[in-house]
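Participant: Could you have a look at this structure, given as structure tokens, before my questions?
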Amino acid sequence: MGSLDARLSGIEAVATGPYLNFRVDRALLARTVIEGILAQGDAYGSSDEGRGKTIVVDLSSPNIAKPMSVGHLRSTVIGAAIQRLHDVLGYETIGINHIGDWGSQFGKLVAAVDRWGDTVDLERAPIKSLLALYVRYHEEEEGDPSLPAAARAAFQELESGEDGKVRATWRHLTELSMEEFDKIYSRLNVKFDLVRGESYYEPYLDETVDRIVEAGITEESEGALVVDLSEFGKNLPPCLLRKGDGTTLYATRDLAAAFHRWEKYHFHRALYVVGSDQRLHFKQLKLVLRRMGLDWEPRMEHIDFGMMRLPEGKMSTRKGRVVFLEDVLDRAVEEAAKIIAEKNPGLADSDEVARQVGIGAVVFNDLKRERVKDVEFVWEEVLSFEGETGPYVQYTHARLASILRKVAAAGEGEAEPDWALLEDAAPILVRLGRYPEVLTSAAAHAEPSELTSYLLALCRELNAWYVKSRVLGGEPALTAARAQLVRSSKILLHNGLAILGLDAPEEM
RNA sequence: GCACCCGUGGCUCAACUGGAUAGAGCACCUGACUACGGAUCAGGAGGUUACAGGUUCGAAUCCUGUCGGGUGUACCA
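The opening residue of the first sequence carries number 142 in this note's numbering; numbering runs sequentially from there.
Right, here's the structure in full:
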């Protein structure tokens, strides 16, 4: 109670028309906010709201034998940011990379490798080769009925559990792909708590189907085993558990994974960071669980995001119309290196900084708009380092770092600060103070863009402020107050960037 | 056809979830003490929030309809 009184003493409320305005004592605000940040350091904004609660995040989920495109970037980067947001708030988080390593497409791939495997260099350029084979399969499929037959037979063998030639080929393709994926993950600085293919659930598929059958909600329809969902919507298609040939589908495997996760983690939320083209799929999954009467169904959330499109149309693996993530990262880092050579040629560690800034630009660009919005991939935009970009935030951080170096070198800033002198920084102080609630809200909404918008606005204010409010060479009490503001702002930017997955270089 | 999502200056996006004069960035124009680093900053120009109704003290935000774009629509994932 005493502390509450102390905090309220500098605040007065004023009624103006339909509004209630609060007037805050600025010196008090400055002292409270800055001392709070400096005391907590990197822990500022963290909380224990998530204590004892587990959040499962399903992210990235690339498909074996397909190149990682800029489309997968969204799931990876958004999912990783959402996981870190929850980490900071004290949740126990489990980031799962649910690899697409199962399904009838592997029948196709095995058939294609069988037939034309010797026409490509699988070992040296695995992804490219597999893509070429996949494309060729679809080109020749129509004119050659033996091809789909071979594909079907291969997948049936795979799903039968037989450890023969088909399985060996599948395993090999999986290993080749995973090596390629890992290279990209390490560049993005993304780590998973669990990397698990759909194939992991293979042994649980039968019991999963049995369980749903025992719930009494399945029926036979056109040779397939389905769960009818028409009670939830006239035109809602049923959820298919088994095809006519007895093999399982995507939905079956996701249900098996969902049961498995619930039993293992008893999660507070399970967040599936998957594109909005799979809305129906997740809706069906949830409705199957609801029909089974499982009360944890509402904890499963599809965190959907808009599609990445090219100016010339939708991306298509089959048509080879994709932008490879690797190329994007390479070009962004190159561009960053070029700018450093131009503007800061003496920079130590310039390669590392180029990496941090280049990757940062790509990652931030994908996090800065609301999740649900579709994104058109434009090179010029991704490679932009000015305005509302990751490098802008990194630059602001570097400038603050630079000021602090000068302050230290001059031996200034050690006096007792006079907080009342920070009047010209009022908007910054208010914003710094709001940081904890921004994190809470961004996590609750699983919306990293709330954090990116916040950081951009803060940087705008900071840049405007320090050009007109010189830190160095003022009255000791003023310089000290400003230096502390710079110090706490820098901590916060570093902190926020880390949550988004960006490094914060001291110089750039 | 049906379902869901989106529609805000030329372009890309905000707007604390129904509140005050709708804010930024890009592009364009004009500027910044021989710069606590110009990847920055100050200023200018640019809006009937797709359209038409409705709800109320008040709507970019909620409801209805129309138009435009995207996605999905049972044996792919």
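Every residue gets a Cβ at the ideal spot worked out from N, C-alpha and C, and that includes glycine.
Decide if Ser630 is buried, meaning its Cβ has at least 16 other Cβ atoms within 10 Å, or exposed.
Facilitator: Within the first sequence, numbered from 1, the residue matching residue 630 stands at position 489. With 16 or more other Cβ atoms within 10 Å, it is buried.
Participant: Report the three-state DSSP secondary structure of Ser144 (helix, strand or coil).
Facilitator: By one-based count along the first sequence, residue 144 stands at place 3. Its pLDDT being 39, under 50, Ser144 is placed unreliably in this model, and the value from its coordinates should be taken loosely. Of the three classes helix, strand and coil, the one that applies to Ser144 here is helix, per DSSP.
Participant: In chain order, what are the residue ranges of uninterrupted alpha helix (DSSP H) at least 4 long that sit wholly in the segment 206-230?
Facilitator: Correct list: 211-229.
Participant: Can you tell which of Gly364, Ile235 and Asn376 has the C-alpha that lies nearest to the C-alpha of Gly387?
Facilitator: The count along the first sequence starts at 1 and reaches residue 387 at position 246. Checked all of Gly364, Ile235 and Asn376; the closest Cα to Gly387 is Gly364.
Participant: Considering just the uninterrupted stretch of the beta strand (DSSP E) at Asn376, what are its terminal residues?
Facilitator: Counting from one through the first sequence, the residue named residue 376 turns up at place 235. Run containing Asn376: none; DSSP gives neither H nor E here.
Participant: Starting from the C-beta of Gln181, find all residues in its chain whose C-beta is less than 8 Å away, skip the five residues before and the five after it, and write them out in chain order.
Facilitator: Counting from one through the first sequence, the residue named residue 181 turns up at place 40. Here the set comprises Ser187.
Participant: What's the C-alpha gap between Leu451 and Asp507?
Facilitator: Taking the first sequence and counting its residues from 1, one reaches residue 451 at position 310. Taking the first sequence and counting its residues from 1, one reaches residue 507 at position 366. Near 14 Å, if we compare the C-alpha coordinates of Asp507 and Leu451.
Participant: Quick check on Lys384: does DSSP put it in helix, strand or coil?
Facilitator: Locating residue 384 in the first sequence gives position 243, where the first residue counts as 1. In the structure shown, Lys384 sits in coil (DSSP, three-state: anything other than H, G, I, E or B).
Participant: If distances are taken between C-alpha atoms only, which option among Leu263, Ile640, Val331 and Ala397 comes closest to Pro344?
Facilitator: Translated into the one-based positions of the first sequence, residue 344 becomes position 203. Taking only the C-alpha atoms, the option nearest Pro344 is Ala397.
Participant: Report the rounded CA-to-CA distance for Thr349 versus Lys484, giving the unit in angstroms.
Facilitator: Indexing the first sequence from 1 puts residue 349 at position 208. Indexing the first sequence from 1 puts residue 484 at position 343. Roughly 60 Å between the two C-alpha positions.
Participant: So if DSSP puts Leu451 in a beta bridge, which residue, or which two residues, is it bridged to?
Facilitator: Counted from its first residue, the first sequence places residue 451 at position 310. In the DSSP output, where bridge partners are listed per residue, Leu451 has Gly454.
Participant: Taking 8 Å as the cut-off, does the segment 548-563 touch the segment 609-627 (at least 3 CB pairs, one atom from each stretch)?
Facilitator: Flag = yes, the segment 609-627 and the segment 548-563 touch.
Participant: DSSP three-state call for Asp445: helix, strand or coil?
Facilitator: As a position in the first sequence, residue 445 is number 304, starting the count at 1. The answer is strand: DSSP assigns Asp445 an E or B state.
Participant: If you run the structure through DSSP and keep just helix, strand and coil, what is His239?
Facilitator: For the purposes of this step, residue 239 is taken as residue 98 along the first sequence, with counting starting at 1. Reduced to three states, the DSSP call for His239 is strand.
Participant: What do you reckon, are the CB atoms on Val367 and Val429 nearer than 7 Å?
Facilitator: For this step, residue 367 is matched to residue 226 along the first sequence. For this step, residue 429 is matched to residue 288 along the first sequence. For Val367 and Val429, no; Cβs fall outside 7 Å.
Participant: Can you have a look at Leu250 and say buried or exposed, based on whether 16 or more other CB atoms are within 10 angstroms of its CB?
Facilitator: Locating residue 250 in the first sequence gives position 109, where the first residue counts as 1. Leu250 is buried by the Cβ-count criterion.
Participant: Helix, strand or coil for Val350, going by three-state DSSP, please let me know.
Facilitator: Residue mapping note: residue 350 aligns to position 209 of the first sequence, counting from 1. It is helical.
Participant: So for Phe408, helix, strand or coil by DSSP?
Facilitator: Residue mapping note: residue 408 aligns to position 267 of the first sequence, counting from 1. Three-state result, Phe408: coil.
Participant: Distance check for Trp243 and Ser301, CA to CA, integer angstroms please.
Facilitator: Counting from 1 along the first sequence, the entry for residue 301 is found at position 160. Counting from 1 along the first sequence, the entry for residue 243 is found at position 102. Spanning the two alpha carbons is a distance of roughly 13 Å.
Participant: In angstroms, rounded to a whole number, what distance separates the CA positions of Pro267 and Ser318?
Facilitator: As a working note, residue 267 is residue 126 in the first sequence. As a working note, residue 318 is residue 177 in the first sequence. Cα-Cα distance, rounded: 7 Å.
Participant: Distance, Cα to Cα, Val548 vs Arg540?
Facilitator: Walking along the first sequence from the start, residue 548 turns up at place 407. Walking along the first sequence from the start, residue 540 turns up at place 399. Each residue's Cα considered, the two are about 12 Å apart.
Participant: Assign Val336 to one of three DSSP states: helix, strand, or coil.
Facilitator: Reading the first sequence from its first residue, position 195 is the one you call residue 336. Strand at Val336.
Participant: Per DSSP, Ile481 is paired with what?
Facilitator: As a position in the first sequence, residue 481 is number 340, starting the count at 1. None, per the DSSP bridge assignment.
Participant: Output needed for Gly531: all residues of its chain with C-beta closer than 6 Å, excluding positions within five of it in sequence on either side, in chain order.
Facilitator: Position 390 of the first sequence holds residue 531. Cβ within range, chain order: Gly501, Ala502, Phe505 and Leu643.
Participant: Are the CB atoms of His538 and Leu641 nearer to each other than 7 Å?
Facilitator: The sequence position of residue 538 within the first sequence is 397, counting from 1. The sequence position of residue 641 within the first sequence is 500, counting from 1. Going by C-beta atoms, His538 is not nearer than 7 Å to Leu641.
Participant: Here's the rule I'm using: 16 or more other beta-carbon atoms within 10 Å means buried, otherwise exposed. How should Asn636 be labelled?
Facilitator: Here the question's residue 636 lines up with position 495 in the first sequence. The residue in question, Asn636, is buried, as its Cβ has 16 or more Cβ neighbours within 10 Å.
Participant: At which residues does the alpha helix (DSSP H) containing Val571 begin and terminate?
Facilitator: Taking the first residue of the first sequence as 1, we reach residue 571 at position 430. Element bounds for Val571: Ala567 to Ala585.
Participant: Taking Cβ to Cβ, would you say Trp311 is nearer than 7 Å to Phe247?
Facilitator: Within the first sequence, the letter at position 170 stands for residue 311. Within the first sequence, the letter at position 106 stands for residue 247. Yes; because the gap between Cβ atoms is below 7 Å, this pair is in contact.
Participant: Mind checking who Arg462 pairs with in its DSSP beta bridge?
Facilitator: Here residue 462 is taken as the residue at index 321 of the first sequence, counted from 1. Paired residues: Ser457.
Participant: Name the two residues that bound the continuous beta strand (DSSP E) containing Ala365.
Facilitator: Here the question's residue 365 lines up with position 224 in the first sequence. Taken as a continuous stretch (DSSP letters only), the beta strand (DSSP E) holding Ala365 covers Ala365 to Val368.
Participant: What is the DSSP secondary structure of Gly416, counted as helix, strand or coil?
Facilitator: Residue 416 sits at position 275 when you count from the first residue of the first sequence. Reduced to three states, the DSSP call for Gly416 is strand.
Participant: Less than 7 Å separating the beta-carbons of Ala473 and Gly499?
Facilitator: For this step, residue 473 is matched to residue 332 along the first sequence. For this step, residue 499 is matched to residue 358 along the first sequence. Closer than 7 Å, so yes.
Participant: Does the beta-carbon of Asn238 have 16 or more other beta-carbons within 10 angstroms, so that it is buried, or is it exposed?
Facilitator: The residue given as residue 238 occupies position 97 in the first sequence. Looking at its Cβ environment, which holds 16 or more other Cβ atoms inside 10 Å, Asn238 is buried.
Participant: As a quick exercise: from Leu599, Glu564, Pro208 and Arg308, pick the residue whose alpha carbon is nearest that of Val579.
Facilitator: For the purposes of this step, residue 579 is identified with residue 438 of the first sequence, where counting begins at 1. Taking only the C-alpha atoms, the option nearest Val579 is Leu599.
Participant: Would you mind sorting Val519 into buried or exposed? The rule is 16 or more other CB atoms within 10 Å of its CB.
Facilitator: Along the first sequence, read from residue 1 onward, the residue named residue 519 stands at position 378. Label assigned to Val519: exposed.
Participant: Under three-state DSSP, which class holds Ser362?
Facilitator: Position 221 of the first sequence, counting from 1, holds the residue named residue 362. Here Ser362 sits in strand by DSSP.
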